[in-house]
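Here is the structure we will look at.
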Amino acid sequence: MYNKRFEIIFAAGAIKEYKKLDDSIIGIVNKAIDDLEFRADEVGKLLKGKLYGCKEKKLKNECIRIIFRKDRIKKEYNKYADRLLNYIQDRKDIDEFEKEGKFRFYILSETEQIRLDKNPVPIHGHGPGKIYYTLSEILSGKKKIRSENECKDNNI
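First residue of the sequence shown: 197, per my numbering; consecutive thereafter.
Set out below in structure tokens:
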């Protein structure tokens with residue numbers, strides 16, 4: 197069996213509601229909760245308003261709505277998880293992510309890390325908006341570097 201990726205922690209009010217469930221549907225609800233332990237990041241609809249940051253999983257036939265929040269991934273699942281989740285939440289808080297959706301983050305190497313000891317600056321200064329640089333330009337050792345677009349324009 198696969199390791200669980202998420203730990204389910206009931207809010208105080210949810211425990212009371214859970215205990216009120218009819219025996220005929222408790223098994224279905226438990227199965228849905230078990231599924232969240234493995235796939236909380238893959239299922240559910242993002243909610244807005246007062247429930248912003250939460251997701252819902254509907255059990256339509258049972259007229260049940262499970263509200264959940266992905267607060268914490270188990271430490272043994274991925275040592276980068278807390279750092280990435282905090283980064284994503286910080287970006288969402290300042291509306292830096294332009295849309296809702298799945299974002300992918302890649303850990304390129306844990307053994308061959310690149311140190312950026314220099315503090316390169318753009319050749320033409322830093323204007324409004326985001327500027328992207330190629331890795332080769334950053335690693336070139338130059339104090340002043342070209343943006344990715346400038347490199348493309350000059351066939352560099």
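All residues carry an ideal CB built from backbone N, CA and C; glycine is no exception. Predicted model only: the values in this text are computed from it and were never measured.
Counting only runs of at least 4 residues, the segment 218-290 fully encloses the following alpha helix (DSSP H) elements, listed from N- to C-terminal order: 219-235 and 277-289.
When only Cα atoms are considered, P316 and G325 end up about 18 Å apart.
E258 is positioned such that its CB atom lies no closer than 8 Å to that of G240. A residue is called buried when at least 16 other Cβ atoms come within 10 angstroms of its Cβ; L232 meets this threshold and is buried. Boundaries of the alpha helix (DSSP H) harbouring E213: A208 to K215, taken from the DSSP string. Here K340 carries a strand assignment [DSSP, helix/strand/coil]. Taking a 10 Å sphere around the C-beta of A207, we find fewer than 16 other C-beta atoms and assign the residue as exposed.
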